[in-house]
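A.B. asks: Here it is, the structure in full.
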Amino acid sequence: MRVIRQPSQALKFWRHAPRSLTHLCEQVDARWGIPRPATAPHLPPLQAMSALLNLGGEGLLLLACGLFSALIWWQCTRWLIINIEVEIVCHGCAFLSLLLALLEVAQLPLPFYPLQQRSTYGSSRWADPLWLGDLHLARRKGASLQPGELPLGGLGRKYDVILNRAQTMCHLALFGPPGAGKSATFFMTWLRAWAGCGSTIVLDPKGELYEQTAYCFQRVYRVDLQHPERSDRWNFLPACKHNAELAHEAAAIILHVDQNKNSSADPFWKEAETAALTAIILHLAQWHERPTPAMIQEMVSKYSLAELNDLMMSSADPKVPLYWGMFTKVEPKLQGGVLIGLGVRCAAFNIPNAKAISSPITTRMAARGIRLIDFAELRQPRTAIYVVVPEGDAARYKVVLATLFGLAASHLRKGELNDTSAPVLFNFDEAGNIFIHGLTELLGVGRGRLMSIALGFQNIGQVYHHYGADGGDAVLGSIGTMIFLPGLDQRTSEYASKRIGQATVWQASSVDVKEGTKFDSERTTEVGRSLLDAAEVRRMVKHQQAIAIIGNAPPVRFSYPPQARLVNAPLSAREKAWLTQPPTTRKTETKVETKAPTAPAPAIVITDTRPPLSFSHLTFPPEYDPAQLTPALDPSVNDAPEPNVIPQEEA
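Here is the structure:
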């Protein structure tokens with residue numbers, strides 16, 4: 331029988347070690363950092379290692395020569411036995427030889443210090459740990475994080491790069507191609523660090539951030555557009571009842587998702603759509619017992635223009651005729667075109683999964699722990715709202731996502747702050763797939779409202795695609811920390827190279843004339859070049875090296891944080907409650923019937939302003955019975971995201 335032995339650790343290391351000397355130097359530089367001369371900070375890792383080895387070899391040679399000279403002088407006292415004076419002189423020469431060798435060795439590292447840096451064409455250089463320590467952006471490895479701080483990665487063997495609380499509130503942007511490790515390293519690490527003191531709302535395209543980090547938070551909500559049967563409920567329409575400000579803001583968010591794209595349409599159309607949608611939202615909020623966003627398109631589709639005019643102008647809300655009246659001042663043909671555009675924009679709320687997350691909470695849902703999302707709870711520490719989107723479907727749900735995040739930011743921006751209010755982190759993984767309404771304003775006022783935004787983009791083109799040329803510059807200019815990962819495209823790499831800055835280096839040139847040496851010459855001149863050009867930014871070591879631009883600090887080249895993905899991540903309290911339910915209470919309830927019955931409704935005489943066919947027969951199945959729940963759990967009592975008030979018992 332043949333016994334197969336396991337390979338030793340040394341053999342495993344040899345098998346996986348880089349075979350290329352260039353790649354080996356790049357990995358050493360990414361993990362520990364190779365020092366470079368101050369006059370040549372642009373050197374690639376191989377050349378930097380060569381210069382460092384030359385320096386070390388020269389130092390060893392000088393030290394060996396000094397020791398040899400000292401030994402010769404020391405032996406001279408035995409070879410030349412003359413008198414005591416000669417012996418003292420020989421001993422002094424031996425000591426002086428060793429001292430001179432040490433002085434020569436001590437002078438060799440001087441070119442690596444900033445005193446030797448040239449600054450004619452630029453003075454950009456990489457940050458060192460002491461400099462970042464003075465700015466409170468570096469800390470020794472193993473030191474605990476303070477509340478509000480976020481770790482970035484390693485800086486050499488002894489230090490880590492961190493973002494202090496003040497710099498974290500100046501927002502972050504992470505640029506990296508697919509597979510660069512944005513989620514598995516940075517976002518997961520940040521969410522776990524943030525869970526100790528603050529709250530967060532997360533755009534999670536894959537659902538892995540929820541699986542890996544939800545257990546760190548105390549109160550967890552999940553808006554799941556992939557598996558809506560497991561999703562908590564979010565519905566903004568009940569809160570718009572007699573609230574024209576919120577209704578107009580919701581209408582503006584829904585209709586201005588693509589406002590920065592080039593369009594030749596008359597601006598009147600967008601303003602008319604906003605006025606009409608505001609009126610519809612206000613009317614639905616007070617007209618129906620439990621309105622949902624899906625009713626907006628149903629209302630536009632099922633009623634004629636004349637019926638809508640009669641319905642809106644006779645609404646019980648006095649502000650509805652004001653908004654609808656502006657809309658009716660144009661010709662009926664234009665009104666029809668505006669309503670078509672409005673209905674098409676609101677069709678996203680009628681996607682089955684989007685419709686399901688805004689449906690009322692039934693008895694079975696309440697038993698599973700499904701709750702109504704309240705954005706006010708984000709001001710309580712350790713609260714998290716995860717928005718899970720099917721991978722690749724973010725563009726299809728962009729209207730729903732933009733409305734959700736826009737209203738959440740508006741609620742937090744306008745709410746009152748006190749000493750116990752928790753800071754909120756908006757974590758947008760793959761932020762380039764959706765339009766974030768009011769992002770420029772949010773970046774401007776977020777610091778004062780204890781809101782930090784972390785954006786993940788694949789390239790800088792995604793920023794300009796959603797926010798336009800001026801809007802993209804405004805977004806990028808309001809971000810305090812930018813992190814660039816390996817493998818970026820040309821445009822993003824060039825932008826990173828410009829942000830890193832330009833350095834002054836020596837350029838050597840030589841002239842060798844064919845005949846004779848009379849006209850031969852060699853000279854060294856100062857030239858300016860990028861500290862790291864676009865190609866070098868792209869060729870950084872994958873999953874090991876990154877660059878950060880932090881405020882007014884010098885550029886930081888640091889190593890990746892440790893892999894944050896756990897093989898068996900602990901379950902959150904919400905998932906534990908879901909798993910403890912019997913299988914009969916975990917049946918899927920994703921489909922909510924909203925179609926009108928096929929049989930025509932009998933003619934009846936009405937005395938109010940409602941149409942003959944009520945929406946209550948169109949939207950909700952008869953399985954829900956309000957008598958089955960207590961008033962505190964009945965969503966028909968108050969579906970709006972307002973603080974819960976416990977009524978006092980009567981004596």
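Note that the working numbering has the sequence shown beginning at 331, numbered continuously upward. Yeah, the Cβ is synthetic: ideal placement off N, Cα and C, and Gly gets one too.
To which residues of the same chain is L462 closer than 6 Å at the C-beta, ignoring the five residues directly before and after it?
C.D. replies: Here the set comprises A468.
A.B. asks: Going by DSSP, what residue range makes up the beta strand (DSSP E) through Y716?
C.D. replies: First-last of the beta strand (DSSP E) with Y716: T713 to V718.
A.B. asks: Give the list of continuous beta strand (DSSP E) stretches no shorter than 3 residues that lie fully inside the region 482-560.
C.D. replies: DSSP runs (the beta strand (DSSP E)) wholly in the region 482-560: 489-493, 502-505, 529-534 and 549-554.
A.B. asks: Return helix, strand or coil for W836, following the three-state DSSP convention.
C.D. replies: Looking at W836 - three-state DSSP - the assignment turns out to be strand.
A.B. asks: Please list the terminal residues of the continuous alpha helix (DSSP H) segment that includes Q437.
C.D. replies: Q437 -> alpha helix (DSSP H) spans I414 to Q437.
A.B. asks: With H, G and I counted as helix, E and B as strand and the rest as coil, what does DSSP make of I880?
C.D. replies: Three-state DSSP puts I880 in a strand.
A.B. asks: Measuring alpha carbon to alpha carbon, tell me which residue in L440, G484 and A496 is nearest H466.
C.D. replies: H466 has its Cα closest to that of A496, out of L440, G484 and A496.
A.B. asks: Taking the alpha carbon of P753 as the reference point, which residue from T713, G801 and V491 has its own alpha carbon closest?
C.D. replies: Closest option to P753, Cα to Cα, is T713.
A.B. asks: Could you name the residues that DSSP lists as bridge partners for N757?
C.D. replies: Its beta-bridge partners are V532 and A784.
A.B. asks: Per DSSP, what are the beta-bridge partners of I875 in this structure?
C.D. replies: The sequence shown places Gln at residue 875, rather than the Ile named in the question. Per DSSP, S889.
A.B. asks: Quick one: using the 10 Å Cβ neighbour count with 16 as the cut-off for buried, is S688 buried or exposed?
C.D. replies: Buried, by the Cβ-count rule.
A.B. asks: Could you spell out where the beta strand (DSSP E) holding T854 opens and where it closes?
C.D. replies: Note, T854: beta strand (DSSP E), S851 to S860.
A.B. asks: Is the beta carbon of I715 sitting closer than 8 Å to the one on Y551?
C.D. replies: Yes.
A.B. asks: Counting contacts by CB-CB distance shorter than 8 Å, is P459 in contact with chain D?
C.D. replies: Among the chains of the structure shown, chain D does not appear; only one protein chain is present.
A.B. asks: DSSP three-state label for L901, please.
C.D. replies: Three-state DSSP puts L901 in coil, outside helix and strand.
A.B. asks: Pull up the distance between the alpha-carbon of T297 and that of M781, whole angstroms please.
C.D. replies: Lying before the first or after the last residue shown, residue 297 is absent from the chain, which here runs from 331 to 981.
A.B. asks: So, at 6 Å on beta carbons, what are the nonlocal neighbours of C355 in its own chain, with the 5 sequence-adjacent residues on each side left out?
C.D. replies: Excluding residues within five positions, the ones whose Cβ falls inside 6 Å are P375, L376 and M379.
A.B. asks: Which of the three DSSP states is assigned to L467 in this structure?
C.D. replies: It is coil, neither helix nor strand.
A.B. asks: Looking only at its chain, what residues have a beta carbon closer than 8 Å to the beta carbon of A577, apart from the 5 residues adjacent to it on each side?
C.D. replies: Cβ neighbours of A577 beyond the five flanking positions: C570, T608, I611, L612 and A615.
A.B. asks: If you drop the 5 nearest sequence neighbours on each side, which residues of the same chain put their C-beta closer than 7 Å to that of A899?
C.D. replies: Once the five neighbours on either side are set aside, the close Cβ partners of A899 are E541, Q542 and Y545.
A.B. asks: First and last residue of the alpha helix (DSSP H) that includes F814?
C.D. replies: Per DSSP, F814 belongs to no alpha helix (DSSP H); it is in the beta strand (DSSP E), T811 to F814.
A.B. asks: Exposed or buried, which one is D554 when buried takes at least 16 other CB atoms within 10 Å?
C.D. replies: It is buried - the Cβ of D554 has at least 16 other Cβ atoms within 10 Å.
A.B. asks: Can you tell me whether DSSP reads R349 as helix, strand or coil?
C.D. replies: The answer is coil: DSSP assigns R349 none of H, G, I, E or B.
A.B. asks: Quick one: Cα of A696 to Cα of I813, how far?
C.D. replies: Approximately 42 Å, taken between the alpha carbons.
A.B. asks: How close, in whole Å, do the beta carbons of P481 and T519 come, if the pair is a contact with beta carbons under 8 Å?
C.D. replies: P481 to T519, Cβ: 6 Å. Contact.
A.B. asks: Excluding five sequence neighbours on each side, which residues of the same chain lie with their C-beta closer than 6 Å to the C-beta of V650?
C.D. replies: A609, L612, H613 and M642.
A.B. asks: To the nearest whole angstrom, what separates the beta carbons of P288 and Q788, a pair I think is in contact under 8 Å?
C.D. replies: Because the chain in this structure spans residues 331 to 981, residue 288 falls outside the shown range and cannot be described.
A.B. asks: Count the other CB atoms within 10 Å of the CB of T658; is the residue buried (16 or more) or exposed (fewer)?
C.D. replies: The residue is buried, with at least 16 neighbouring Cβ atoms inside 10 Å.
A.B. asks: Give the DSSP-derived three-state secondary structure of V730 in the structure shown.
C.D. replies: Looking at V730 - three-state DSSP - the assignment turns out to be helix.
A.B. asks: From this set, V857, E661, W908 and Q875, which residue's C-alpha is nearest A833's C-alpha?
C.D. replies: Selected option, being the one with the closest Cα: V857.
A.B. asks: Kindly identify the DSSP beta-bridge partner or partners of R702.
C.D. replies: A quick correction: the sequence has Leu, not Arg, at residue 702. R563, per the DSSP bridge assignment.
A.B. asks: Kindly indicate which residue of V841, A582 and L737 has the alpha-carbon position closest to the one of A706.
C.D. replies: If we check each option's Cα against that of A706, L737 comes out closest.
A.B. asks: Less than 7 Å between C-beta atoms, sequence neighbours within five positions excluded: which residues of the same chain meet that for G452?
C.D. replies: Taken in chain order, the residues that qualify are G831, Q832, A833, T834 and G858.
A.B. asks: On the criterion of 16 or more Cβ atoms from any shown chain inside 10 Å, does D464 qualify as buried, or is it exposed?
C.D. replies: Counting Cβ neighbours within 10 Å, D464 comes out exposed, since fewer than 16 surround it.
A.B. asks: Pair every Cβ in the region 801-808 with every Cβ in the region 417-433, then say whether three or more of these pairs are closer than 8 Å.
C.D. replies: With a cut-off of 8 Å, the region 417-433 and the region 801-808 do not count as touching, because too few Cβ pairs lie within range.
A.B. asks: Using the C-alpha atoms, what's the distance from F566 back to E619?
C.D. replies: Going by the C-alpha atoms only, they are around 14 Å apart.
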